[in-house]
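All you need for this note's numbering is the position in the sequence shown, starting with 1, plus 62.
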Amino acid sequence: MIEHLHRIAAHAYYCAEHDAGRRACERLLRLDLSPEKETKVRANRTWYTQRLDDLAEVKFSRLEPGVYAGWSRFNPSVVIHDGVPLYNVRSSNYRIDENGRYVIPPEDGEVIKTRNVLYDGVVATPVYCTYPRSAFPVDGLEDIRLNVIDGRIVASATVRNYDGYDGTCRMAYGEIVDGWIHDLRCHNTPPGLHEKNWMPILGRREWLYSCHSRGYVCLVEDSGDDWTVSAHAASPPVARAFRGGTQVVPIGGGDWLAAIHEVAEVAGKRVYEHRFVMFDEAEWSIRAVSPPFAFRETQAIEFAAGLAVDDGRVLVTFGVRDAEAWMADLALCDVLGLMGAP
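This is the structure we're talking about:
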């Protein structure tokens, strides 16, 4: 059956049977595939990827806080604070060229730099953070996710040049007050074990660590002196390549919603696809998933780092090509209508 489905997945594109190709890819990703076969299926699937506005009615808007002139704006996060959306927008000094290479201005000495901006849709406020820095050539807090805990704004992010460590990607978080991140705590990951994209659970000092770690959904909790990883429900095969994306937010009835991403490689370049995922809080099982989709550009780098639910609307913030910051606004009922069995 695997070989039959794989032939459909590979050839349906050429006879304009895109629905059949999509279905074949989805069925394959629920089976036990070799790593080589799975890589091919994921690459094939990107030729069938639908844009989100092919699946639901969506309003897109671009986020353009003007603080760091000449720098990019991308990978925004969003949270509802005091009843209104609040955004963090990442800004960096590099760009990605047509071959997927990072291009850094010569005057920056080959150091990748990230700065962050809080933005309420009108006013942009730089976010500063002082922490002990090493000489590792990646500076700043990357891909912040916003959370609100007991009314306080909390940011979690990846940091690579925290002094005393080796440049491994490590997770850190701290509270934002008056444009400053205070008391940044860095997770002491073993050297070489990169940690990125933990998904904050709204209102809690917990993160969704993995959708499929050794076959289980796993959470991380800040227990004060340490970070505790706990395994919960068994995870379905389709989730084995789900990677961290947005926050995990409650939508009622014990259900929680997030957006994750999956990665494929096409012609030597990384391609990102996203899905909505619904979790059951009782066991943190994956209850439902949406079809994979692109936000604005198929076979491209897109990355969602924020999701908020406000008055029956779902706001998803995402970056495109590490160069643009966008938000998608769609009805919660439409998102739920996309969900199916995992």
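Even glycine gets a Cβ: it sits at the ideal position worked out from N, Cα and C.
Give every residue of the same chain whose Cβ lies closer than 8 angstroms to the Cβ of residue 64, excluding the five residues on either side of it in the sequence, and list them in chain order.
90, 93, 95 and 99
So for residue 204, helix, strand or coil by DSSP?
strand
Residue 353 - DSSP class collapsed to helix/strand/coil:
coil
Would the beta-carbon of residue 355 fall within 9 angstroms of that of residue 114?
yes
In whole angstroms, what is the alpha-carbon distance linking residue 131 and residue 386?
14 angstroms
Would you please state the rounded distance, in angstroms, between the beta carbons of residue 400 and residue 338? I believe it to be under 8 angstroms.
6 angstroms
In the segment 316–370, which residue ranges form an unbroken beta strand (DSSP E) of at least 3 residues, counting only runs that do not cross its ends?
317–328, 331–342 and 347–351
Does the segment 230–247 come close enough to the segment 297–317 that 3 or more CB-CB pairs lie under 8 angstroms?
Counting C-beta pairs with one atom in each stretch, the segment 297–317 and the segment 230–247 have fewer than three that are closer than 8 angstroms, which means they do not touch.
What are the start and end residues of the beta strand (DSSP E) that includes residue 191?
Careful: residue 191 lies outside any beta strand (DSSP E) and carries neither H nor E.
Between residue 111 and the rest of its own chain, which residues show a CB-CB distance below 8 angstroms, the 5 nearest in sequence each way excluded?
335, 354, 355, 356, 360 and 361
Just to confirm, are residue 107 and residue 327 a CB contact at a threshold of 9 angstroms?
no
Is it true that the segment 309–329 meets the segment 75–85, where meeting means three or more beta-carbon pairs spaced less than 8 angstroms apart?
Touching, no, given that fewer than three Cβ pairs across the two stretches are closer than 8 angstroms.
Exposed or buried, which one is residue 191 when buried takes at least 16 other CB atoms within 10 Å?
Buried, by the Cβ-count rule.
Quick one, which of 340, 181, 382 and 128 has its alpha-carbon nearest residue 146's?
181
Going by the DSSP bridge assignment, what does residue 296 pair with across the sheet?
278
Would you give the residue range spanned by the alpha helix (DSSP H) that residue 310 belongs to?
First-last for residue 310: undefined, no H or E at that position.
Beta-carbon contacts of residue 290 that lie in its chain and below 6 angstroms, excluding the five residues immediately before and after:
283
Within 10 Å of its beta-carbon, does residue 404 have 16 or more other beta-carbons around it, so buried, or fewer, so exposed?
buried
Same chain, Cβ closer than 6 angstroms to residue 237, five either side skipped, listed in chain order:
214, 216 and 244
Backbone CA spacing between residue 205 and residue 379 [nearest angstrom]
Between residue 205 and residue 379, the alpha-carbon positions lie close to 12 angstroms from each other.
Using a threshold of 9 angstroms, state whether the C-beta atoms of residue 153 and residue 176 are closer than that.
yes
Use the C-beta contact count for residue 275: other C-beta atoms within 10 angstroms, 16 or more gives buried, fewer gives exposed.
exposed
Under the rule that 16 or more other beta-carbon atoms within 10 Å means buried, what is residue 250, buried or exposed?
exposed
Are residue 210 and residue 263 touching if we call contact CB-CB under 9 angstroms?
No. Outside cutoff.
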